[in-house]
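Under this note's numbering, residues -5 to 414 are what the sequence shown spells out, in order. Ideal placement from N, C-alpha and C gives every residue a C-beta, glycine not left out.
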Amino acid sequence: MKKVLIVLVVVLTASAFAPYAYYPIDGYERTGIKRLKRLELIKSGEIKDATTFPNGALKSYSEIQLNLLDRKEDSAMALMQIDADFQKEISALFRGLDKSYSLTVLDISDSQQIRYAERNETAGYQPGSVGKLAVLNGLFTQLAKIYPDSFELRTELLKNKSVKAGVWGLTDEHTIPIYNIEKNTLVKRQVIASDVFTLYEWADHMLSVSNNGAASIVWREVLLMAAFGEQYPDLTQEEADTYFKETPKKELTDLGNDVVNLPLRDLGITADEWRLGSFFTRGANTYVGDKGGSIGSPQGLMKFLVQLEQGKVVDEASSLEMKRLMYMTDRRIRYAQAPALKEAAVYFKSGSLYKCDRSKGEACGKYMGNVTNYMNSVIIVEHPNNCRYMVVLMTNVLRKNSASDHMYLAGNIDKIIQKG
């Protein structure tokens, strides 16, 4: 009997076709993220470049604020109570669609008159690059443990502590922007093992271009912070290397899993609502294994966004800084690309994961998997007219690039919320 060879292609993608950028443009002096200095010079006209900034991308560092501080005493679920009229309008957008589309949406334009709607809100999806928000949460959780009484010392560590990529940064096809301020040169390339950046820059690479290598490196440093505690700021490369060589893989795997997942549990987000089970690069698997699988749900991710806006993710200062790191200042994609959002400030993370079974003889390609085809959008929208809301949209529509669906839904959800 002839054996049938089935070729299954599995691709873990970052969240964009091309680089896009986060953090307020005027944030260079505070963070030391060199990419921001270049954007600042482009904005001022000192560097001639074709880059254009959407009006919604021009908020300054000091203008970004949290929207639900006056509802801090409420639980996330207390704010996520269905508004019948709002639910009816949102549900109508999905008429005729199957359960491959899941969503939570919260209108916080008036913090005392919040409106909430949902669809298949507890359904579990592979979160893809949206999971990097859990790594970001883990980072700020450990910083708070090292410097419990000083947020300034936490950001100083992010700005001044430089770490090397090593094998953890390998391999990811997506590039990172490397700007040389002295020479005024920009190079975009993949992470290599010899790359050295500050913690702030690695976190920016993790979010702004959704680089998987950068995500694994940040996660590694979160693990080291947990292992070394107050000794971490002075930890040398040699000491870190020795720790990973001499510590049993199971111990590293357990600690690595805990540092990104336990902070979610502290927020009341269950393991079925959101968890990470594996690092983002094969290089990291040299030292840490997979544990528990990764999953995300619209309900779990909305609980995170609500508490971020309440200033309850770690603490108020950490929540605000995480929100700044999510602020889009350049090219927008998928949900965030909707024309209706052009004037709005958006805080965004997208993620995807697809699988292709070539043996089926059907169309299948990038972002168009025929086995699974996850695409996720997590967004906070702030219009100039004070219309503010949050959306988590997660889809698994086979054989179709769902970016257009996300953009279409974004425009229509915005229309519903804008009319009140």
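query: With 16 other CB atoms within 10 Å as the buried threshold, where does P142 fall?
result: exposed
- prompt: What's the C-alpha gap between A234 and Y194?
  reply: 19 Å
query: Which residue comes first and which comes last in the beta strand (DSSP E) that contains K244?
result: That residue, K244, is in no beta strand (DSSP E); its alpha helix (DSSP H) goes 243 to 260.
field: Cβ contact (3+ pairs, closer than 8 Å) linking the region 100 to 114 and the region 329 to 339
entry: No: fewer than three Cβ pairs fall under 8 Å.
task: Say whether the region 271 to 287 touches the region 246 to 255, bearing in mind that this needs 3 or more beta-carbon pairs closer than 8 Å, one atom from each stretch.
output: yes
query: Is it the case that the Cβ atoms of N370 and M384 are separated by a distance below 7 Å?
result: no
message: Applying the 10 Å Cβ sphere with the 16-neighbour rule, what's the burial state of S188?
response: By the neighbour-count criterion, in which 16 or more other beta carbons inside 10 Å mark a residue as buried, S188 falls on the exposed side.
task: Give every residue of the same chain whose Cβ lies closer than 6 Å to the Cβ of I0, excluding the five residues on either side of it in the sequence, and list them in chain order.
output: Here I0 scores only 34 on pLDDT, less than 50, and its place in the model should not be relied on; the value that follows carries that caveat. The answer, listed in chain order, is S353.
- request: Measure the CB-CB distance between N203 and I170 and report whether it falls below 7 Å.
  value: Per the sequence presented here, residue 203 reads as Val, with Asn not at that position. It is a contact, given that the beta carbons lie within the stated cut-off.
task: Pull up the distance between the alpha-carbon of I84 and that of E112, whole angstroms please.
output: 8 Å
task: Would you identify the three-state DSSP class for I170, choosing helix, strand or coil?
output: DSSP, reduced to helix, strand and coil, places I170 within a strand of the structure shown.
- prompt: By Cβ distance, which residues of its chain are closer than 6 Å to A138, with the 5 residues on each side in sequence left out?
  reply: V308
query: Contact check, R409 vs A334 under 8 Å by CB: the rounded distance?
result: The sequence shown places Lys at residue 409, not Arg. With a Cβ gap of about 7 Å, K409 and A334 count as contacting.
Span separating the alpha-carbon of F47 from that of Y402: Roughly 22 Å between the two C-alpha positions.
query: How should V157 be labelled, buried or exposed, when 16 other C-beta atoms within 10 angstroms of its C-beta is the threshold for buried?
result: Within 10 angstroms of the beta-carbon of V157 lie 16 or more other beta-carbons, which makes it buried.
- prompt: Do you know how far the Cα of A70 is from the Cα of Q81?
  reply: C-alpha of Q81 to C-alpha of A70: approximately 18 Å in a straight line.
Length-filtered (3 minimum) beta strand (DSSP E) runs lying within the region 55 to 131: 95 to 101, 109 to 113
query: Can M362 and V340 be called in contact, C-beta distance under 7 Å?
result: no
- prompt: Excluding five sequence neighbours on each side, which residues of the same chain lie with their C-beta closer than 6 Å to the C-beta of E115?
  reply: T98, P292, Q293
- prompt: Is DSSP giving K155 helix, strand or coil here?
  reply: Looking at K155 - three-state DSSP - the assignment turns out to be coil, as it is neither helix nor strand.
field: Residue(s) in a DSSP beta bridge with G290
entry: Y119, W268
query: What's the C-alpha gap between D64 and G262?
result: 20 Å
message: Just list the residues that DSSP pairs N373 with in beta bridges.
response: Residue identity check: residue 373 is Ile in the sequence provided, not Asn. Answer is F342, V385.
query: Since K155 and T192 are thought to touch, with beta carbons under 8 Å apart, how far apart are those beta carbons, to the nearest angstrom?
result: Approximately 6 Å separates the beta-carbon atoms of K155 and T192; this is inside 8 Å, confirming the contact.
- prompt: Looking at the structure shown, is K317 part of a helix, part of a strand, or coil, going by DSSP?
  reply: helix
Outcome for I373 when other beta-carbon atoms lying within 10 angstroms are tallied against a minimum of 16: Flag for I373 reads buried.
query: Just the Cα atoms here: how many angstroms apart are E176 and E23?
result: 15 Å
query: What's the C-alpha gap between Y226 and T149?
result: 14 Å
query: Which residues in the same chain have their Cβ closer than 8 Å to the Cβ of L218, if we skip the five residues on either side of it in sequence?
result: Y226, L229, A234, Y237
- prompt: If you run the structure through DSSP and keep just helix, strand and coil, what is N49?
  reply: Shown here, N49 sits in a helix according to DSSP, grouped into three states.
- request: Tell me, to the nearest whole angstrom, how far the beta carbon of D198 is from that of Y17; I am working on the premise that it is less than 8 Å.
  value: 6 Å
- request: List the DSSP bridge partners of M401.
  value: M401 is not bridged to any residue.
- prompt: Per DSSP, T366 is paired with what?
  reply: Answer is K349, bridged to T366.
- request: Report the option in K336, K243, L295, D68 whose CA atom is closest to the CA atom of G405.
  value: K336
Pick from L319, G26, T264, A86 that is closest to Q59, judged by C-alpha positions: L319
field: Residue nearest to K53 in terms of C-alpha spacing, selected from N390, P378, D92, L392
entry: P378
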